[in-house]
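Working notes, structure below.
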Amino acid sequence: MPYYEAPSVLALTLAALERQTYPRELFEVVMVDDGSSTPLDTPLTDLEVAVVRQDDRGFGLARARNTGARAASYEILIFLDCDMMPEAGYLSAHARWHHLVSDALTLGMHSYTDARHLSPEAVRTHRGPLGPLFQSDMIDPPWNRRHLIRTQDLTTRHDDLFRMVQGGNFGIRKEFYQVIGGTDESFTSYGGEDTEMAYRAYVRGGLLVPLPEAFAWHQGRWAENRQAKEEALAAQRERLASLIPLPEFRSFSPGRTYAVPRHIVTVEAGDHQPHQVAEQVQSLLADPEGDLAIRIEPSEGRVLDEGVVSLVNTRFGSDPRVLVAPTEAALDEFPVSPFQVRLATAPGLAGGAFHELQRRVADRVAVTIRWGSSNYATIERTWALHRARRTGRLVDAFGDVATMRLRIAPRARGKRPWHWPRHGSDIHRVLEELRRVRDVRSGWRFLRWLGAAARWRLGKRT
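Just so we're aligned, residue 624 is where the sequence shown starts under this note's numbering, counting upward by one.
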């Protein structure tokens, strides 16, 4: 539990933790004091507690979560903000999944309420759900409901399932938390650190599990200090755009580089001449939807031709997006880029190739497109590759795969193709959701999501 100068809300949260149905001898409470001017003393409670202090370097929420994870004695980590009062079955709901699954990310739910009139004793001795204790209206975060409707409780193939994760109430095993790299401590102001961490957990193949029964009451309304929060979130958008390569977060500009590229493209040089490989690299870099890093590799069991190495380095040596004869596997060098692409192709792959590959993969985990005698392009979802590697299974164990034969021709000069509406626009989102309708159930889901989204949009404009 991260803590900063909030003794009264912490007391209520600890009282709620004393009501847990999970065996008390099987959990501890690690509180990380983020440099409070009055240091947090070890609270008087029957719980097993530990207080860890870190120096005040400003907003240190991300650092506090990592500090707490390192200090924890147990293998299951449940992150709970100090102003969140959990219901009695909270820990049991989270732990149930982590005893069974090593790479789950369990997502608890919450509502906002006013708890200032309550005493710790009233909470500690209360029997039954905590809801009747609150005198004010209880407000559920509307974005949670919209997201769960749209994704059928996080069971669809949407690429943004992770947006549901909120840092004040989630669970993960310590080993998997270390695998994903913990929480990014470069986030030193309000907002965004939980979304970015959740993205890495998702693209690393983590199983996202929404848990309505892992419920907590947030003391205070999100609307409190709303302007300051919205300004902080706006300032984080550029950082998130560099780290999360999805249309909802990034509007790609050709030629620009990002910390995390969207596509990792491995080009097999094969028997092609150096100038042919260089032309292929140039074509890929010029793709309007590229957002990529390119790796030049030999075909399996061969050595990369020195002429290819020399020419590609001469032409593109100053471009950080082009790597020649890399020593690491693509999945290790770029573990959180969402798509891995492999090409064995003659030069001149059409402009717009990435748009075509994305269209073909749709909701599948992998697609191979073949044309000519020996040309192919394979696109695979990184989360499925990580999960396959961890479990020793094939990618097709985690979704549909397909192989298609077709002719990909360069775009005719002077002709502009019809474009799908701009990524991130309202029209684009509606069309993307409509594309996923396959039956009556998914049709009703689409209508429910559309209605909820329309009500929210109209509410913002009034």
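Think of the CB as a built atom: it goes at the ideal place given N, C-alpha and C, for glycine as much as any other residue.
- Residue state for Glu871 is assigned as coil, using DSSP reduced to three classes.
- Within the DSSP secondary-structure output, Glu1003 pairs in a beta bridge with Gln963, Ala989.
- As far as DSSP is concerned, Pro646 takes part in no beta bridge.
- Shortest Cα-Cα distance from Ala695 to any of Met624, Val832, Ser812, Arg786 involves Met624.
- Within the stretch 773-860, the complete alpha helix (DSSP H) segments at least 4 residues long are 797-802, 816-826, listed from N- to C-terminus.
- Membership of Leu1029 in any beta strand (DSSP E) is not indicated, and neither H nor E is assigned to it by DSSP.
- By the C-beta criterion, the stretch 919-938 is judged to be in contact with the stretch 888-904, since at least 3 inter-stretch pairs fall below 8 Å.
- Distances from the alpha-carbon of Trp766 to those of Ile795, Val990, Thr950, Met732 put Met732 closest.
- When Phe875, Asp986, Arg647, Pro911 are compared, the shortest CA-CA separation from Asp783 is found for Asp986.
- In the three-state DSSP reduction, Thr937 falls in the helix class (H, G or I).
- Pairing Arg747 with Arg642 gives a Cβ-Cβ distance under 8 Å.
- Rounded to the nearest whole angstrom, the CA to CA distance from Ala824 to His781 is 15 Å.
- DSSP, reduced to helix, strand and coil, places Pro755 within a helical segment of the structure shown.
- Of all alpha-carbon atoms in Leu756, Phe799, Asp1062, Phe650, the one lying nearest the alpha-carbon of Leu741 is that of Leu756.
- Under the DSSP assignment, Gly731 falls in the beta strand (DSSP E) whose first and last residues are 727-736.
- Excluding its 5 nearest sequence neighbours in each direction, Phe810 has C-beta neighbours in its own chain below 6 Å: Ala685, Glu816, listed in chain order.
- Scanning its chain for C-beta atoms nearer than 7 Å, with the 5 sequence neighbours on each side dropped, one finds around Phe977 the residues His886, Asp910, Glu912, Gly913, in chain order.
- The three-state secondary structure of His722, taken from DSSP, is coil.
- Between Ala639 and Ser715, the alpha-carbon positions lie close to 14 Å from each other.
- In the three-state reduction of the DSSP assignment, Thr748 falls in the helix class, which pools H, G and I.
- Here Leu1029 really is in contact with Ile992; their C-beta atoms are around 6 Å apart, less than 8 Å.
- By a beta-carbon distance limit of 8 Å, Gly828 contacts Trp1006. Their separation comes to about 5 Å.
- If you look at Leu908, you'll find it in the alpha helix (DSSP H) that goes 897-908.
- With contacts defined as CB atoms closer than 8 Å, Val964 and Leu980 qualify as a contacting pair.
- Note that the C-beta distance between Leu869 and Ala901 is not below 8 Å.
- Note on Arg1068: 16 or more other CB atoms within 10 angstroms of its CB, so buried under the neighbour-count rule.
- When rounded, the separation of the alpha-carbon atoms in Gln775 and Gly794 is 21 Å.
- For Trp1072, DSSP records no beta bridge to any residue.
- Taking all protein chains in view, the Cβ of His898 is surrounded by fewer than 16 other Cβ atoms within 10 Å, so the residue is classified as exposed.
- Asp679 is classed as exposed because its beta carbon has fewer than 16 other beta carbons within 10 Å across all chains shown.
- DSSP places Arg982 in the uninterrupted alpha helix (DSSP H) bounded by 976-984.
- Counting along the chain, Glu698 sits inside no alpha helix (DSSP H), nor does DSSP assign it H or E at all.
- With 16 or more other CB atoms across the displayed protein chains lying within 10 angstroms of its CB, Thr1001 is buried.
- In the displayed model, His886 falls within a strand according to three-state DSSP.
- DSSP places Tyr713 in the helix class (H, G or I) of the three-state scheme.
- For Ala837, same chain residues with a beta-carbon under 6 Å away, outside a window of 5 residues either side, are Tyr713, Ala716, His717, Gly731 in chain order.
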